[in-house]
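Here's the structure we're looking at; comments come further down.
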Amino acid sequence: MREIDLKGRVALVTGGGRGVGRAISIALGEAGAAVAVNFRRDDSAAQETVDTIREAGGTAAAFAATIGDAEATAAMVEAASAAFGAIDIVVNNAGIASRGKSILDTDPTELQRLMAVNAFGPHRLAQLVVPQMRMAGRGDFVFISSVETQMLAPNGAPYGMSKTAMEALAMALAKEEVGYGIHSNVVAPGLVGTEMGKKLVAAALGVDIETLDARAPYGHVCRPQEVADVVLFLVSGLAGYVTGQRITVDGGLTAAHAATPPTL
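When you line the sequence shown up against our numbering, it's residues 1 to 264, in that order.
Here you go:
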C-alpha cells in the first residue's frame with residue numbers, strides 16, 4: 001500500500017488554527033509537510049495547533065494575517081517562505097459567512113466584505129505563491145468551498161456568491177497553471193460540526209447541530225477530519241492526475257436534496 005509522504009513540502013493553511021483548518025493543518029503535519037498555520041486573531045488556537053503538530057514530531061509555526069488584507073497576506077507569505085522555504089501547498093480554508101437577508105436586501109458593502117476574504121484574498125495569495133510553485137515545477141491548491149454554491153440555505157446567497165467566485169478562481173488556476181505542474185481543486189463540505197457551523201445552523205434553520213446529526217444521511221454532519229482526509233489525498237502523489245475538480249464531502253446531502261421534488 002502506498003503511503004502519503006509530504007516530507008520536504010511546505011504547506012500554508014489559511015484559517016488553520018481551528019475547526020476544519022486545524023484538522024487539515026494537523027493532517028498535513030502528520031504526513032511530513034512543514035505547516036504554516038495562518039490565523040487572524042485567535043493566536044492561542046493557532047499555537048495549540050502548532051504545538052500538536054510539533055509534539056507529534058512535525059514542523060509548524062503560526063503566522064498572523066487577515067486574508068482580505070493584501071499587504072498582511074504578502075507579509076505572511078514572505079515570513080512563511082523565510083521560515084520553511086518555498087510554499088508548494090496552499091489550502092484556502094479561511095472564510096467568513098453572512099446570514100439574515102435575502103440577496104436583494106443585502107448591502108453592497110456586505111458583499112464586498114464577503115468577497116474580500118472568500119475570493120479576493122485567495123486570488124492575492126495565488127499571485128504571491130504561484131511564482132514559487134512555477135520555479136519548483138509543482139504545487140497544489142485546495143480551496144475549501146461549500147455545498148451552498150449548489151444548494152442555498154435560507155438567506156445564504158451572499159455567502160454562496162463569494163464561494164462561487166472562489167471556485168471560479170480554482171478552476172482558472174487549474175487551466176492556466178497545469179503546464180507548470182500545479183494542481184488546483186475544490187473541496188465542498190456540507191455542514192461541518194464546528195463552532196462556525198453550529199452558529200450558521202442556529203441562524204439559518206433554528207435548530208441545534210444534534211438535531212441535524214439525526215437527520216443526516218450517514219447519521220452525523222460532516223466532521224473536520226473527513227474534510228482533512230480529502231485534502232490530504234488531493235495534495236499527495238495519489239492525486240497526481242486530478243486537477244480542476246470539485247469534490248463534495250457532504251455524506252450524500254446534495255444527492256438527497258436533488259432527489260427530493262421541490263415544494264410548489
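Using N, Cα and C, we set each Cβ at its ideal position, and we do this for glycine too.
Please read these numbers as outputs of a predicted model, since none were measured by experiment.
Range of the contiguous alpha helix (DSSP H) that encloses residue i
i: T73; result: A70 to F84
i: R113; result: P108 to M115
i: F233; result: P224 to L234
i: L125; result: G121 to A136
i: R215; result: I209 to R215
i: L173; result: A157 to E177
i: V37; result: Note, V37: premise wrong, no alpha helix (DSSP H); beta strand (DSSP E) at A34 to F39.
i: I53; result: D43 to E55
Residue interval of the beta strand (DSSP E) (run including residue i)
i: P189; result: I182 to P189
i: R22; result: Element bounds for R22: not the beta strand (DSSP E) but the alpha helix (DSSP H), G19 to E30.
i: I89; result: I89 to N92
i: A62; result: T59 to A64
i: I247; result: R246 to V249
i: A239; result: No beta strand (DSSP E) holds A239; DSSP gives it neither H nor E.
i: G139; result: G139 to I144
Residue i versus the options, residue with shortest Cα-Cα distance
i: Y180; options: D5, D88 and G19; result: D88
i: M133; options: V10, A31 and R2; result: V10
i: V249; options: A74, V227 and D69; result: V227
i: A119; options: L128, K101, Y159 and R138; result: Y159
i: E231; options: M166, G219, H183 and V221; result: Looking at the sequence provided, one finds Val at residue 231 rather than Glu. V231 has its Cα closest to that of H183, out of M166, G219, H183 and V221.
i: G237; options: V187, D140, M166 and E167; result: D140
i: V192; options: T59, L253 and T52; result: L253
i: V142; options: I247, E3 and E48; result: I247
i: T106; options: M171, A157 and A27; result: A157
i: G68; options: R22, G85, R113 and E48; result: R113
Buried or exposed by the 16-neighbour rule on C-beta atoms within 10 Å, applied to residue i
i: K7; result: exposed
i: T14; result: buried
i: M135; result: exposed
i: K163; result: buried
i: E78; result: exposed
i: P262; result: The pLDDT assigned to P262 is 48, lower than 50, so where the model puts this residue is not dependable, and the model offers no usable value.
i: A82; result: exposed
i: I103; result: exposed
i: S44; result: exposed
i: V207; result: exposed
i: T73; result: buried
i: T194; result: buried
Rounded distance between the beta-carbons of residue j and residue i, thought under 8 Å
i: P325; j: G251; result: Lying outside 1 to 264, the shown extent of the chain, residue 325 is not represented and no answer is given.
i: N185; j: T149; result: Incorrect: roughly 14 Å between the Cβ atoms, too far for contact.
i: V90; j: L125; result: 6 Å
i: K101; j: N155; result: 6 Å
i: A61; j: G16; result: About 11 Å; that fails the 8 Å criterion.
i: A80; j: A33; result: Not confirmed; about 12 Å, so no contact.
i: M161; j: P122; result: Rounded, the Cβ-Cβ distance is 15 Å, inconsistent with contact.
Any non-hydrogen atom of the ligand GTP closer than 6 Å to residue i Cβ
i: G219; result: With respect to small molecules bound, the structure shown includes none, and the ligand GTP cannot be examined in it.
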